[in-house]
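Those protein sequences? They're chains A and B, same order as listed.
Quick note on UniProt numbering: the first sequence kicks off at 1 and runs consecutively.
Quick note on UniProt numbering: the second sequence kicks off at 1 and runs consecutively.
Glycine is no exception: its CB is placed at the ideal position from the N, C-alpha and C atoms.
Small disclaimer: the values here were computed from a predicted structure and weren't measured.
Right, one structure below, let's go through it.
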Amino acid sequence: MKDFISHKVNTIPPSGIRQFFDLIATMEGVVSLGVGEPDFVTPWHIREAAVYAIERGYTSYTSNAGSPQLREAISKRLYYDYNLTYSQEDEILVTVGVSEALDLILRAIINPGDEIIIPEPCYVSYKSCTILAGGVPVIIPTMDTGFKVTPDQIETAISPKTKALLISYPSNPTGTALNRDELIGISKVIKKHNLLVISDEIYGLLTYDQPFTSIASLPGMRDRTILLDGFSKAYAMTGWRVGYAAGHKDIISAMCKIHQYSMLCASIVSQMAAVEALKNGKAQMEKMRDEYNRRRRLIVNGFNRIGLDCFMPEGAFYAFPSITSTGLSSEDFAEKLLFEEKVAVVPGNVFGDCGSGYIRCSYATSLENIEEALVRIQRFVGRGN
Amino acid sequence: MDTKDREILEILEKDAKIPLAKIALMIALDEEDVKSRVENLEKKEIILQYKTIIDWEKTDEEKVYAFIEVRVIPKKNTGFDAIAKRIYNFPEVHSMYLMAGDYDFAVVVEGKSMKELAYFVAEKLSPLPHIQSTGTHFLLKKYKLDGKIIEEETMDKRLAMTL
């Protein structure tokens with residue numbers, strides 16, 4: 001049946017890591033540092049709000065853009081946290097997670113052959129979604145600049161076909177964040193070349209050492225930025241599938257055009273849960289963040305002690321230690337570690353070629369698991385594979 | 001008390017057995033610093049005691065708890081505290097609170113049998129001076145204790161790997 005598949009889809013390489021995942025699922029006693037979602041269950045008051053919504057019969061569609069209550073709550077949160085003003089009427093779109101929002105924005109702005117600049121390593125969908133939208137991903141490897149994209153690198157990557165820069169800081173998989181000054185440097189290049197920025201800020205609230213800056217809040221950047229965020233990571237709501245985009249009304253309305261014919265709207269139950277998260281979820285969210293912060297210091301110290309060089313990530317819940325001292329490739333390291341010590345980690349090159357020599361280790365798991373994993377990894381490294 | 005002290009307290013409240021070196025790593029302080037902070041918190045009696053939460057139901061020990069509402073007529077000058085002292089000094093009293101509302105003290109008592117607790121209420125508690133009335137409620141089941149859910153479902157429902 002392969003003849004029926006479109007050329008475009010055929011150009012997307014099959015995900016090699018899938019087999020590795022399937023293998024882990026069949027094994028017992030695995031300590032996993034491979035999970036890209038919080039180990040916390042959604043706070044009870046949010047779950048309770050959803051149950052109550054169902055009880056009261058909230059089972060219908062909402063408007064395409066999302067329920068007015070949620071859009072209002074999002075508008076307020078962006079104002080309080082970043083001093084950004086977005087009209088709930090036409091500048092906010094509620095989506096089925098940031099994943100949908102990302103697909104929408106790429107499809108809304110790309111003409112065939114348009115280029116999207118993507119710093120790597122990055123979340124796995126960026127490149128493929130760009131290709132599926134008819135665009136051309138232009139990759140910037142960032143391993144030599146501390147996994148932070150620089151204005152110079154962007155300047156070099158820009159061509160007459162460049163449409164947008166797609167960034168996500170704090171980063172999955174590296175945990176690096178960009179501070180205000182670094183973002184200002186980038187914003188100057190963006191303005192100079194009249195480009196857009198797609199900013200995936202799903203880990204924005206999980207920043208530890210200094211407050212998060214949204215690039216949209218920098219001078220002259222609000223209308224050039226499509227801010228994507230959601231509830232999955234900070235509020236431990238991955239399974240609810242609810243996120244949003246905020247930006248200039250022309251762009252939001254273009255995204256909504258696609259959204260209304262494809263997704264129609266996000267689940268009303270999830271939207272009502274999200275309203276509760278924004279209204280009353282701050283204290284519990286901060287508690288979870290404090291907990292991640294403690295684990296972060298513990299796991300980074302652990303890797304360095306073992307002899308796997310690891311920088312201190314500023315956000316998200318991933319550590320990205322180098323495994324080059326072992327002489328193994330990322331994939332061999334991950335596979336051998338799984339078979340010999342039953343610890344699951346993700347090879348860094350899954351997130352782009354320049355992630356080679358690193359592994360992504362999620363600390364969204366209990367302290368006990370982190371410590372057990374470190375003991376096993378130390379044993380593994382000590383054997384000198 | 002600063003945020004580091006608060007963090008130390010939060011960590012210890014969840015796990016009193018955690019080594020100080022580990023706390024030091026978790027909150028980015030020297031071990032010596034953590035040690036002196038903990039000593040200070042102990043000295044100031046902010047940390048009162050290091051305790052263990054035990055599910056006695058799983059042992060052979062017989063333990064019965066009752067929750068007693070106590071109404072009193074407060075003493076002149078010394079008020080509630082003097083009466084409270086005469087109650088909480090009994091070893092049967094597990095915990096005790098002064099309440100706002102329908103009654104004055106909430107007293108949780110612990111014993112080996114209902115008979116033993118009934119005896120305590122009838123013979124020790126009720127006859128005390130200034131006590132107006134008591135209402136005894138026996139505890140049937142513990143669901144949550146000091147922030148810990150007793151029969152907590154801990155299964156990780158996530159996939160072992162996600163990107």
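- For Arg297(A), at least one C-beta of chain B is nearer than 8 Å to its own C-beta.
- Check the Cα spacing between Ala216(A) and each of Thr238(A), Arg180(A), Gln210(A): the tightest is with Arg180(A).
- For Ser199(A), the pairing in a beta bridge is given by DSSP as Ile167(A), Leu227(A).
- At a C-beta separation below 8 Å, Asn301(A) has these neighbours in chain B: Leu25.
- For Met1(B), the closest Cβ of chain A is not nearer than 8 Å.
- For Ala160(B), the closest Cβ of chain A is nearer than 8 Å.
- Around the C-beta of Tyr79(A), fewer than 16 other C-beta atoms lie within 10 Å, and the residue is accordingly described as exposed.
- In this structure, Ile83(B) sits near Lys75(B), with a CB-CB distance shorter than 8 Å.
- According to the DSSP assignment, Gln69(A) belongs to the alpha helix (DSSP H) that extends over 68-82.
- The criterion of a C-beta distance shorter than 8 Å is not satisfied by Ile370(A) and Arg289(A).
- Looking at Ser187(A), Asn194(A), Phe380(A), the one whose alpha-carbon comes closest to that of Ala334(A) is Phe380(A).
- Counting the other CB atoms within 10 Å of its CB gives Ile116(A) a total of 16 or more, which places it among the buried residues.
- When the five nearest sequence neighbours on each side are left out, the beta carbons in the same chain lying within less than 7 Å of the beta carbon of Ile150(B) are those of Asp55, Lys142, Tyr143, Lys144, in order along the chain.
- In the three-state reduction of the DSSP assignment, Lys75(B) falls in the strand class.
- In the DSSP annotation of this structure, the continuous segment of the alpha helix (DSSP H) that includes Cys129(A) starts and ends at 125-132.
- Spanning the alpha carbons of Trp240(A) and Ser32(A) requires a straight line of approximately 23 Å.
- When 9 Å is used as the limit between beta carbons, Glu37(A) is near these residues of chain B: Arg158, Leu159, Thr162, in chain order.
- Think of a sphere of 7 Å around the beta carbon of Ala28(B): the chain A residues whose beta carbon falls inside it are Arg297, in chain order.
- Residue Thr26(A) holds the alpha-carbon nearest to the alpha-carbon of Lys342(A) among Thr26(A), Phe4(A), Gly113(A).
- Ile154(A) is the residue among Lys148(A), Leu93(A), Ile154(A), Ala49(A) whose C-alpha sits nearest the C-alpha of His193(A).
- Looking at Asn280(A), Leu374(A), Cys354(A), Ala373(A), the one whose alpha-carbon comes closest to that of Val149(A) is Cys354(A).
- Taking a 10 Å sphere around the C-beta of Lys163(A), we find 16 or more other C-beta atoms and assign the residue as buried.
- Distance from Tyr318(A) to Thr225(A) at the Cβ level is roughly 24 Å; contact not present, criterion being Cβ atoms closer than 8 Å.
- In this structure Ile131(A) is in contact with Ile12(A), their Cβ atoms being roughly 6 Å apart against a cut-off of 8 Å.
- Chain order gives no chain B residues near Ala319(A), where near means a beta carbon separation below 9 Å; the closest approach is about 14 Å.
- Separation of the CB atoms of Val242(A) and Tyr58(A) is rounded to 14 Å, and the pair is thereby denied contact status at 8 Å.
- Three or more Cβ pairs closer than 8 Å define a contact, and the segment 296-307 of chain A falls short of that threshold against the segment 261-281 of chain A.
- At a C-beta separation below 9 Å, Val30(A) has these neighbours in chain B: Ala160.
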